[in-house]
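J.:
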Amino acid sequence: MMLGFAHSPQPTNTDLKAAWDNKDIPEIHSLLHKLSGSSGGYGFNDLYTLCQQAITLTAKNTDIKLEQLEAFLQKIYVELQL
18 MMLGFAHSPQ
28 PTNTDLKAAW
38 DNKDIPEIHS
48 LLHKLSGSSG
58 GYGFNDLYTL
68 CQQAITLTAK
78 NTDIKLEQLE
88 AFLQKIYVEL
98 QL
């Protein structure tokens with residue numbers, strides 16, 4: 018990861034996993050929104066795209082598909098470890 022991104026305050030795998038374990042969809046949405054902004058700003062386009070897709074699943078007035086959301090979160094976890 019780029020040095021600035023790695024040291025800026027953005028959500029971590031731990032934050033996302035804790036929110037997922039609690040099925041705290043509003044918190045997941047908030048964390049994904051923050052991560053999306055950071056990743057897009059630093060040029061991590063794949064991570065940005067994954068976050069945007071997952072955000073769509075957590076938006077209000079949508080029928081949340083937990084299996085789909087979990088699949089996106091798994092991909093995001095991998096991207097955050099690169």
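For the sequence shown, our numbering assigns the number 18 to the initial residue and increments by one for each residue that follows. Note that beta-carbon positions come from the ideal geometry of N, C-alpha and C, so glycine has one too.
(1) Quick one, which of I81, Y59, G57 and I93 has its alpha-carbon nearest D41's?
(2) Which two residues bound the contiguous alpha helix (DSSP H) that contains T31?
(3) Please report the distance separating the alpha-carbon of A76 from that of G60.
(4) Kindly list the residues whose CB is nearer than 8 Å to the CB of L74, restricted to its own chain and excluding five residues on each side of it in sequence; keep chain order.
(5) In or out: P28 buried (at least 16 other Cβ within 10 Å) or exposed?
T.: By the coordinates alone:
(1) Locating residue 41 in the sequence shown gives position 24, where the first residue counts as 1. Here the closest residue by C-alpha is I81.
(2) By one-based count along the sequence shown, residue 31 stands at place 14. For T31, the enclosing alpha helix (DSSP H) has its first and last residue at N30 to D38.
(3) Along the sequence shown, read from residue 1 onward, the residue named residue 76 stands at position 59. Along the sequence shown, read from residue 1 onward, the residue named residue 60 stands at position 43. For A76 and G60, the distance between alpha carbons rounds to 24 Å.
(4) Here residue 74 corresponds to residue number 57 of the sequence shown, with the count starting at 1. Here the set comprises I81, K82, Q85, L86 and F89.
(5) Here residue 28 corresponds to residue number 11 of the sequence shown, with the count starting at 1. With 16 or more neighbouring CB atoms inside 10 Å of its own CB, P28 falls in the buried class.
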